[in-house]
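Asks:
Residue numbers (this note's numbering), protein chains in the order written: chain A, 1 to 351; chain E, 1001 to 1074; chain L, 2001 to 2252.
1) Any idea which residues DSSP pairs residue 243 (chain A) with across the strands?
2) Flag this pair as yes or no: are the beta carbons of residue 2184 (chain L) and residue 2194 (chain L) separated by less than 8 Å?
3) List the whole-angstrom C-beta distance separating residue 2126 (chain L) from residue 2214 (chain L), where the pair is believed to meet the contact cut-off of C-beta under 8 Å.
4) So that I know if they touch, is there some Cβ in chain E lying closer than 8 Å to that of residue 2228 (chain L)?
5) Using a Cβ-Cβ cutoff of less than 7 Å, which residues in the same chain neighbour residue 233 (chain A) once the five nearest sequence positions on both sides are dropped?
6) Can you tell me the Cα-Cα spacing of residue 356 (chain A) and residue 154 (chain A), whole angstroms?
7) Among residues of its own chain, excluding the 5 on either side of residue 2134 (chain L), which ones have a beta-carbon nearer than 6 Å to its beta-carbon?
8) Mind listing the chain L neighbours of residue 134 (chain A)? Cutoff is C-beta to C-beta under 8 Å, in chain order.
9) Quick check on residue 260 (chain A): buried or exposed, where buried means 16 or more other Cβ atoms within 10 Å of its Cβ?
10) Let me check understanding here. Comparing Cα to Cα, which of L:2233, L:2204, L:2221 lies closest to residue 2252 (chain L)?
11) In this structure, how does DSSP classify residue 96 (chain A) when only helix, strand and coil are distinguished?
12) Does the beta-carbon distance from residue 129 (chain A) to residue 332 (chain A) come in below 8 Å?
13) By Cβ distance, which residues of its chain are closer than 8 Å to residue 308 (chain A), with the 5 residues on each side in sequence left out?
14) Can you find at least 3 beta carbon pairs, one from the stretch 242 to 255 of chain A and one from the stretch 2093 to 2103 of chain L, that sit closer than 8 Å?
15) Of the choices A:90, A:107, A:81, A:158, whose alpha-carbon is the least far from that of residue 17 (chain A)?
16) Going by DSSP in three states, residue 337 (chain A) sits in which element: helix, strand or coil?
17) Check whether chain E comes within 8 Å of residue 2223 (chain L), counting only Cβ atoms and requiring the distance to be less than that.
18) Along the chain, where does the alpha helix (DSSP H) containing residue 1058 (chain E) start, and where does it finish?
19) Once DSSP output is grouped into helix, strand and coil, what is the label at residue 348 (chain A)?
20) Applying the criterion that 16 or more other CB atoms from any shown protein chain within 10 Å of the CB defines a buried residue, is residue 163 (chain A) buried or exposed?
21) Is the CB-CB distance between residue 191 (chain A) and residue 21 (chain A) below 8 Å?
22) Could you tell me how far apart the beta carbons of residue 2093 (chain L) and residue 200 (chain A) are, in whole angstroms, since I believe they sit closer than 8 Å?
23) Confirm, please, whether the CB-CB distance from residue 1071 (chain E) to residue 2007 (chain L) is below 8 Å.
24) Is residue 2267 (chain L) buried or exposed, if buried means 16 or more other CB atoms sit within 10 Å of its CB?
25) Measuring straight from C-alpha to C-alpha, what distance separates residue 302 (chain A) and residue 350 (chain A)?
26) Restricting to runs no shorter than 3 residues, where is the beta strand (DSSP E) found entirely within the stretch 2144 to 2210 of chain L?
27) Take residue 1018 (chain E) and list the residues in its own chain whose beta-carbon comes closer than 6 Å to its own, dropping the five residues that flank it on each side.
28) Residue 207 (chain A) CB to nearest chain L CB: under 8 Å?
29) Taking all protein chains shown into account, decide if residue 312 (chain A) is buried (16 or more other Cβ within 10 angstroms of its Cβ) or exposed.
30) Given that residue 165 (chain A) touches chain L, what residues does it touch there, using C-beta distances under 7 Å?
31) To the nearest whole angstrom, what separates the beta carbons of residue 2175 (chain L) and residue 2129 (chain L), a pair I think is in contact under 8 Å?
32) Quick check: the stretch 164 to 177 of chain A against the stretch 208 to 215 of chain A, are at least 3 beta-carbon pairs closer than 8 Å?
33) I'd like to know if residue 1063 (chain E) contacts chain L, where contact means its C-beta is closer than 8 Å to some C-beta of that chain.
34) At what residues does the beta strand (DSSP E) containing residue 2212 (chain L) begin and finish?
35) Output the distance between the C-alpha atoms of residue 2257 (chain L) and residue 147 (chain A), rounded to the nearest integer angstrom.
36) Is the number of C-beta pairs between the stretch 2234 to 2248 of chain L and the stretch 2043 to 2057 of chain L that are closer than 8 Å three or more?
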């Protein structure tokens, strides 16, 4: 562990990827994640690793597909419109059981939207934005140090389950500076060997990587294997944070940047005598349904707050299943909510 | 006397006829019989004329033809 | 019919790096000839144990079945980007991106041009048969003027559908590619030329020289509604007028 340094979110994710042993990074410039690309451009070649500025998001995600198939840790990053372009490749990566890390620094949408922070890509990230029955693990950091930790975790989970993993954050986290101490770098050579990878069929049968079979029965079996994997992930990889929920009457459900703001609101509300808590999913997929349901059994109201029209809200309502009131408050278009605004929402449901 | 001989994998052959057209000695023709896949496969109609040039094998899209040549005495 | 080959020398057989899997191509389709040439080249260069082939979308989607080599199937048009990822991840691998005209010259236009422009040290085999075979004979970017397809039932009208694209010529304008050539397989002389070109392309990659593109004019007897022999004649007499054969760039 190094000394703490003041670093920007985008840089921390890039540096954490390098320390996780990411050997290939491919991306196309887009605001607000350009610093990530620039950090990689500066540092990957210096380490003898690969940085390619791709011709497009499609190019970048398919280079990741190739590098992942060749057995190295690979990553791409973008922001909302660029992530839409990557969906084809993400579906292929999921279908072909390849490990890859994809960073989405969300911005306002739909369409070109703007370049301000937003959370409108929750559905796309958690429900499978591309075609077919697949999921990817979605990790949502709410602080800059956590962005670093989750990026390193993302590579481990990707390899462990041979699945795409997304870091879902927003432009605010990408631009924000906080003191961070990153762990020591992992030597890529020390990582477990990937026996399935395309390394040349020397002294073994050829390895074939695909997401394809024309026989519906075979494709069904391939799908069932994927579903089994998703079940394992749901059993083993749920991550969430509860903050002052033990005695709470009202709990805010929020992730990422909004959860960070909501923590301040919890302190403000408690100063006003309102027993407010925070439930923060860290894995958005798998979503901690059961855990949130047990919280719902103890409280009157679970207020979902997002920078969207109410996307995670659907998962919250699925989890709560009418055990508590489930109102929603959201901002859109890149408008970042404030502690005072959230507090006045909370007060509507207090007492 | 033939200088060459071709061995055609009858079941691999799809009866496209490219080998027949490519053979400069007009050795090959379509068989009247069909193979497992229902194709009239190619066969050596005039084996005595084969010189083992391998043109048939080079043009065969199904890589169904092996070509042998007589050993030339030293 | 059993044939006596005792005391004879085998002068032509199935390449060692080719599997026994039966080809899925239609009778007379040139994809099969090309597959044999590639396998033979892999044998001659002794690179089967470090070659990775990329199967595209289209008639060649099963290309991962033909060689005793590692392989990956790529999404439609992205094979050159996938090749980039593989080669950059492990430069010791010999990477073959095998792509049809729709894949390489239409939906994959950006990936194709930019892999070439970066001078990726890969070999691209670009099969130009002027039609979408797998989906039922629709217009390809390379469909000839006047050619009838299922989406140009009255023939390709260039004023409406544009002209057949000479994609290799576009690639040949770039500074990075070391070898760009157009070959054909309609007779044994052309097949021998194509063998030499493909061997050269792979050799350049083995030597680390950079990007090679071998376009191969292929037939599609099924969707051209011609016999395989007539289809060969069509390539000779018509297709090569629109797509002239020969080397465009050789900086090896």
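Even glycine gets a Cβ: it sits at the ideal position worked out from N, Cα and C.
Replies: Concretely, from the data shown:
1) Partner(s): A:278.
2) Yes. Within cutoff.
3) Contact between residue 2126 (chain L) and residue 2214 (chain L) is confirmed by a C-beta separation of about 7 Å, below the 8 Å threshold.
4) Yes, contact with chain E.
5) Excluding residues within five positions, the ones whose Cβ falls inside 7 Å are 137, 161, 286.
6) It is not possible to answer for residue 356 (chain A), since the shown part of chain A is limited to 1 through 351.
7) Scanning its chain for C-beta atoms nearer than 6 Å, with the 5 sequence neighbours on each side dropped, one finds around residue 2134 (chain L) the residues 2058, 2059, in chain order.
8) By Cβ distance, chain L contributes nothing, its closest Cβ being about 14 Å from residue 134 (chain A), past 8 Å.
9) Buried is the label assigned to residue 260 (chain A), since at least 16 other Cβ atoms lie within 10 Å of its Cβ.
10) The residue with the shortest Cα to Cα distance from residue 2252 (chain L) is L:2204.
11) Residue 96 (chain A) carries a coil assignment under DSSP once its states are collapsed to helix, strand and coil.
12) Against a cut-off of 8 Å, the Cβ pair of residue 332 (chain A) and residue 129 (chain A) comes out as no contact.
13) Only 118, 119, 120, 122, 330, 332 meet the Cβ criterion.
14) The answer is no - the stretch 2093 to 2103 of chain L does not touch the stretch 242 to 255 of chain A, with fewer than three Cβ pairs under 8 Å.
15) Sorting A:90, A:107, A:81, A:158 by C-alpha distance to the C-alpha of residue 17 (chain A) places A:158 at the top.
16) In this structure, residue 337 (chain A) counts as coil in the three-state DSSP scheme.
17) No, residue 2223 (chain L) does not count as interfacial toward chain E.
18) Residues 1055 to 1059.
19) DSSP places residue 348 (chain A) in the helix class (H, G or I) of the three-state scheme.
20) So residue 163 (chain A) ends up on the buried side.
21) The answer is yes: Cβ separation under 8 Å.
22) For a cut-off of 8 Å, the C-beta gap from residue 2093 (chain L) to residue 200 (chain A) is around 6 Å, short enough to register as a contact.
23) Between residue 2007 (chain L) and residue 1071 (chain E), the C-beta spacing is below 8 Å.
24) No answer is possible for residue 2267 (chain L): the residues shown for chain L start at 2001 and end at 2252.
25) Straight-line Cα distance between these residues: approximately 11 Å.
26) Whole beta strand (DSSP E) segments, 3+ residues: 2179 to 2184.
27) The beta carbon of residue 1018 (chain E) sits closer than 6 Å to the beta carbons of 1059 from its chain, once the five residues preceding and following it are set aside; these are given in chain order.
28) Residue contact check for residue 207 (chain A) against chain L: a CB pair falls below 8 Å.
29) Buried, by the Cβ-count rule.
30) Taking a Cβ-Cβ cut-off of 7 Å, residue 165 (chain A) has no neighbours in chain L, whose nearest Cβ is about 17 Å from it.
31) Wrong, their Cβ atoms sit about 29 Å apart, outside the cutoff.
32) The answer is no - the stretch 164 to 177 of chain A does not touch the stretch 208 to 215 of chain A, with fewer than three Cβ pairs under 8 Å.
33) Yes, residue 1063 (chain E) lies at the interface with chain L (some Cβ there is under 8 Å from its Cβ).
34) Run containing residue 2212 (chain L): 2212 to 2217, per the beta strand (DSSP E) assignment.
35) Any answer about residue 2257 (chain L) is impossible in this case: the structure gives chain L only from 2001 up to 2252.
36) These segments do not touch.
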